[in-house]
Amino acid sequence: MIRKAVFPVAGLGTRMLPATKAMPKEMLPVVDKPIIQYAFEEARAAGIEHFIFVTGRAKSSIEDHFDHAYELNDTLELKGKAAELGSVTDWLPKPGELSYTRQQKPLGLGHAVWCARELVGDEPFAVLLVDELLQSDPPCLKEMVDVHQQTGGNVVSVMEVPQDHTNRYGILDIGADDGRMVEARGMVEKPSPSQAPSRLALIGRYVLLPKVFQHLDKQETGAGGEIQLTDAMEKMLGTTPFHGLRFQGQRYDCGSRLGYLEAIVANAMERPELQAGMTSILKRYL
Ligand code: G1P
């Protein structure tokens, strides 16, 4: 069972400034729901029972979003706005299901995950990078948890990216490949296109054994001078099963302006109440 998920949400969101000056990038809405809620719902659909947010300064609106807003609830109730009330309360975690800790210094993704070590403890856990909005049925993390149950090892979600984009991602070196699942033989963070061992990129979903913390404990820096999760995972290769699972659905990189815009358009086009209006808006611009 994978019970716990870590959400590293301490990043500054510099790619989305000035919107992220006073607002966490994770709270930017995709239509009417903040980006972070999509990842939260994906984790819950995968059976996660405990949600660990690694936050930073100026991120308190995330905590507010995952809490009851009594004045708002009361007002909506008084006005008989049942659907709106449901939209802010139905999905809330139960008391005690959420934990927060802070990454006090921006030392990298590996460091952010390491900050959650006491909250995770000695059990396998998931990591979700919230910027990566993944839509599929079944949800990405659910499929990964199922694979972990078969293999007992580490599982990462991967997708093929253009050769000239390898320097934006962690890239796998692969062994056996059945078209869906690949055996990870190596991995490297942000290799140049000429050095990349493949085009299979990590897309922000991980199921990891707690042993990863032993490697993160060493606080070794890698690409960009940061403590990289990819480097710590690489050290587990050969000692435990390690697989990449090809993601089959739609992926939106909400950390970039265009990816974020695409997520909004795609989401609106999937909603029956917005589809017609959105189509006519888009037609005007084409
Ligand atoms: C992080 C990881 C990288 C991964 C990427 C996916 O990089 O370090 O391995 O491929 O997320 O979005 P970042 O985008 O934070 O630089």
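Note that the sequence shown ends on residue 288 in our numbering; no numbers are left out.
In this text, a Cβ means the ideal position worked out from N, Cα and C, and glycines have one as well.
Fair warning: this is a prediction, and the values are worked out from it, not measured in the lab.
Checklist entry - So does E264 have its beta carbon nearer than 7 Å to some heavy atom of ligand 1? => result E264 Cβ: outside cutoff for every heavy atom of ligand 1.
Next on the checklist: By DSSP's criteria, S101 is part of a beta bridge. Which residues make up the other side?
Outcome noted: I54, per the DSSP bridge assignment.
Checklist entry - Using the C-alpha atoms, what's the distance from R170 back to A186? => result In this structure, the straight-line span from the alpha carbon of A186 to that of R170 is close to 19 Å.
Next on the checklist: Would G251 and S138 qualify as a contact pair, given that the criterion is a beta-carbon distance under 8 Å?
Outcome noted: At a Cβ-Cβ threshold of 8 Å, G251 and S138 count as neighbours.
Checklist entry - With a CB to CB cut of under 6 Å and the five nearest residues on each side skipped, what residues in its chain are close to Y40? => result The beta carbon of Y40 sits closer than 6 Å to the beta carbons of L135 from its chain, once the five residues preceding and following it are set aside; these are given in chain order.
Item to check | heavy atom of ligand 1 below 7 Å from Y1 C-beta | outcome: This structure gives no information on residue 1, because the portion of the chain shown stretches from 3 to 288.
Item to check | P36 (DSSP reduced to helix, strand or coil) | outcome: Strand.
Next on the checklist: Does the segment 152-159 come into contact with the segment 272-283, if we say contact requires no fewer than three beta-carbon pairs (one atom in each stretch) closer than 8 Å?
Outcome noted: Flag = no, the segment 152-159 and the segment 272-283 do not touch.
Item to check | Own chain, CB closer than 6 Å to E44, minus 5 neighbours either side, in chain order | outcome: Closer than 6 Å at Cβ, skipping near neighbours: P141, L143.
Checklist entry - Terminal residues of the continuous alpha helix (DSSP H) containing H113? => result First-last of the alpha helix (DSSP H) with H113: 111-116.
Next on the checklist: Rounded to whole angstroms, what is the Cα-Cα separation between T223 and F215?
Outcome noted: Roughly 14 Å separates the two Cα atoms.
Checklist entry - Counting along the chain, where does the beta strand (DSSP E) carrying A186 start and finish? => result Note, A186: beta strand (DSSP E), 183-191.
Next on the checklist: Considering only heavy atoms of ligand 1, does any lie closer than 7 Å to the CB of A203?
Outcome noted: At least one heavy atom of ligand 1 sits closer than 7 Å to the Cβ of A203.
Checklist entry - Would you report the Cα separation of G154 and G88, rounded to the nearest angstrom? => result Between the C-alpha atoms of G154 and G88 there is a straight-line separation of about 38 Å.
Checklist entry - Would G246 be called buried (16 or more neighbouring beta carbons within 10 Å of its own) or exposed? => result It is buried - the Cβ of G246 has at least 16 other Cβ atoms within 10 Å.
Next on the checklist: Using only the alpha-carbon positions, how far apart do V267 and D34 sit?
Outcome noted: Counting only the Cα atoms, D34 lies some 12 Å from V267.
Next on the checklist: Below 7 Å, is the gap between the Cβ of T168 and the nearest heavy atom of ligand 1?
Outcome noted: In this structure, T168 has its beta carbon at no less than 7 Å from each heavy atom of ligand 1.
Next on the checklist: Rounded to the nearest angstrom, what separates C117 and G261 at their Cα positions?
Outcome noted: Whole-angstrom Cα-Cα distance: 28 Å.
Next on the checklist: Pop quiz: A12 and G58 are said to be a contact at Cβ under 8 Å. What is the actual Cβ separation, rounded to whole angstroms?
Outcome noted: Sure, about 3 Å apart at Cβ, within 8 Å.
Checklist entry - Mapping DSSP to helix, strand and coil, what is Y171? => result Correct three-state label for Y171: coil.
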